[in-house]
Amino acid sequence: MRNKNLKSAKRAKRDEFYTQLRDIENELKHYKSHFRNKVVYCNCDDPKVSNFFHYFSYNFEELGLKKLITTCYKNRNVGIFRQHKELERAAYIEYTGDKNDNLRPDPEEIEVKYLEGDGDFRSRECVELLKTANIIVTGPPFSLFREYLAQLVQYNKKFLIVGNKNALTYKEVFPLIKENKVWLGMGSVREFEVPNGNRAKATFCSQRNKWFQKFGNVGWFTNLSHSRRNEELILTKKYTSDEFPHYDNYDAIEVSKVKDIPKNGGGYMGVPITFLDKYNPEQFEIIGLINSNSDSGIKELKKYDEYIEMRINGSPTGSSGKKTNGNPILKESDMLENKKKEIIIIPKIKNEKVYSLYSRITNKNKNHEN
Ligand SMILES: C[S@@+](CC[C@H](N)C(=O)[O-])C[C@H]1O[C@@H](n2cnc3c(N)ncnc32)[C@H](O)[C@@H]1O
Numbered sequence: 002m003r004n005k006n007l008k009s010a011k012r013a014k015r016d017e018f019y020t021q022l023r024d025i026e027n028e029l030k031h032y033k034s035h036f037r038n039k040v041v042y043c044n045c046d047d048p049k050v051s052n053f054f055h056y057f058s059y060n061f062e063e064l065g066l067k068k069l070i071t072t073c074y075k076n077r078n079v080g081i082f083r084q085h086k087e088l089e090r091a092a093y094i095e096y097t098g099d100k101n102d103n104l105r106p107d108p109e110e111i112e113v114k115y116l117e118g119d120g121d122f123r124s125r126e127c128v129e130l131l132k133t134a135n136i137i138v139t140g141p142p143f144s145l146f147r148e149y150l151a152q153l154v155q156y157n158k159k160f161l162i163v164g165n166k167n168a169l170t171y172k173e174v175f176p177l178i179k180e181n182k183v184w185l186g187m188g189s190v191r192e193f194e195v196p197n198g199n200r201a202k203a204t205f206c207s208q209r210n211k212w213f214q215k216f217g218n219v220g221w222f223t224n225l226s227h228s229r230r231n232e233e234l235i236l237t238k239k240y241t242s243d244e245f246p247h248y249d250n251y252d253a254i255e256v257s258k259v260k261d262i263p264k265n266g267g268g269y270m271g272v273p274i275t276f277l278d279k280y281n282p283e284q285f286e287i288i289g290l291i292n293s294n295s296d297s298g299i300k301e302l303k304k305y306d307e308y309i310e311m312r313i314n315g316s317p318t319g320s321s322g323k324k325t326n327g328n329p330i331l332k333e334s335d336m337l338e339n340k341k342k343e344i345i346i347i348p349k350i351k352n353e354k355v356y357s358l359y360s361r362i363t364n365k366n367k368n369h370e371n
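Counting along the sequence shown from 1, when you hit position 170 you're at 171 in our numbering, and nothing is skipped either side.
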């Protein structure tokens, strides 16, 4: 196989993860009221294997759907390792509900139509289908997540999709979170079914005769309202300068655990990305993202060009402090012992160590006590 083909085959293989029915049921139960009289489109779903197709076709009447459309992508590389029989051409399915009162989708009730192209979600014909739909629900290919989400936003669609939460800090995704155009759903997806030939990191379940791969950071991205988004986070801590140190380079305090957000004080704070699991826009305002590639939304007070990076044992890593400019930085005296990782130290002048932290969200408590 030529190098280019090999690369796209590898990418295609990395995209073959199937969401399990129980994860779909567990998440979808929180959004039932959104679906009445709506056209749902699953645009990355082979109906022979997709549990999204299964869920919506078997729950069509209960949800009160108007129509279900599913497009199946026909990637010629995918057939190399898939275990199920391939359709010869990319196709799409339209289902408008049960006609013979047995409350299940029988083959004669499902209309299969062929596509001219390969069923790529970006293709003209798939975009035409997308335009006819009200809500898009699927697990899109992980490798194309940014483009996939951008298309949904571009066409102003309602959606509920599976994605890796690492995407939250992407420069294409975080602004959407900040502007309240996208938020996290309720649950996580910890395990996907993988095809037979994709078993490198997977484990076999003999009971179900299938391969599964675990993931630590996958969840749901949506713009459908759900109950958690309106829940107030109960805040119990009071601000003290000892417990909430000030960053060395930003006029904001470090809050290392979301549950410890202080209830008083209206200033800026940096909170871990996991804050987004609890984010209620009535309670908090997201200002920006503090890391070296993003806009923190607040003034950066200090650069580290004159610093060098050192390991915890004192040996230089070879990197300059420039690398850390823009990250949230704490002075050594403000760091907890067990959190110390990379050290940056001013050479020659004095032993003033500072520590660079993981990305933080710049946040403000709208309803703070004084
Ligand atoms: C992560 S899998 C999820 C499958 C299914 N949606 C689910 O959640 O079970 C992503 C699927 O998107 C398909 N896919 C890859 N590239 C695509 C594209 N450009 N357009 C549409 N589908 C694509 C893959 O073949 C793969 O089956």
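Even for Gly, the Cβ is constructed at its ideal location relative to N, Cα and C. Given the structure is predicted, the values throughout are model-derived calculations rather than measurements.
| Query | Result |
| --- | --- |
| Boundaries of the alpha helix (DSSP H) in which Tyr59 is found, first to last residue | 52-59 |
| Neighbourhood of Leu153 by C-beta, 7 Å cutoff - its chain only, sequence neighbours within 5 removed | Ile137, Phe160 |
| Chain-order list of residues whose beta-carbon lies under 8 Å from that of Leu331 (same chain, five-residue window excluded) | Pro246, Tyr248, Asp249, Glu255, Val355, Tyr356, Leu358 |
| Minimum C-alpha distance to Pro106 - residue among Gly118, Glu129, Phe205, Lys68 | Lys68 |
| Closer than 8 Å: Arg123 CB and nearest ligand 1 heavy atom | yes |
| Opening and closing residue of the alpha helix (DSSP H) in which Leu29 lies | 22-29 |
| Ser360 Cβ short of 8 Å to ligand 1 heavy atom set | no |
| Lys166 burial status per 10 Å Cβ neighbour count (16 or more: buried) | buried |
| Val113 burial status per 10 Å Cβ neighbour count (16 or more: buried) | exposed |
| Residues that DSSP places opposite His247 in a beta bridge | Ile254 |
| Cutoff 6 Å; reference Glu353; Cβ partners in own chain excluding five residues on either side | Ile347 |
| Buried or exposed (CB count within 10 angstroms, at least 16 for buried), Asp252 | exposed |
| Beta bridge counterpart(s) of Pro1 as assigned by DSSP | Not covered by the structure: residue 1. The range shown for the chain is 2 to 371. |
| Neighbourhood of Phe53 by C-beta, 8 Å cutoff - its chain only, sequence neighbours within 5 removed | Thr20, Ile25, Cys43, Asp46, Thr71, Val138, Thr139, Gly140 |
| Local conformation of Leu302 per DSSP, three classes | coil |
| Identity of the residues DSSP links to Ile372 by a beta bridge | Since the first residue shown for the chain is 2 and the last is 371, residue 372 is missing from the structure and cannot be characterised. |
| Whole runs of the beta strand (DSSP E) within the stretch 134-204, excluding any shorter than 3 residues | 136-139, 159-165, 184-189, 192-195 |
| Bridge partner(s) assigned by DSSP for Ile346 | Ile309 |
| Start-to-end residues for the beta strand (DSSP E) that takes in Ile235 | Neither: Ile235 is in no beta strand (DSSP E) and is coded neither H nor E. |
| Backbone secondary structure at Phe82 - three-state DSSP | Residue placement at Phe82 cannot be trusted, given a pLDDT of 34 that sits under 50; what the coordinates show is reported in the next sentence. Residue state, collapsed to three classes: coil. |
| Check: Ser51 C-beta below 8 Å from any heavy atom of ligand 3 | Ligand 3 is not part of the structure shown, which contains ligand 1 as its ligands. |
| Inter-residue CB distance, Asn224 and Val183 (contact presumed, cutoff 8 Å) | 6 Å |
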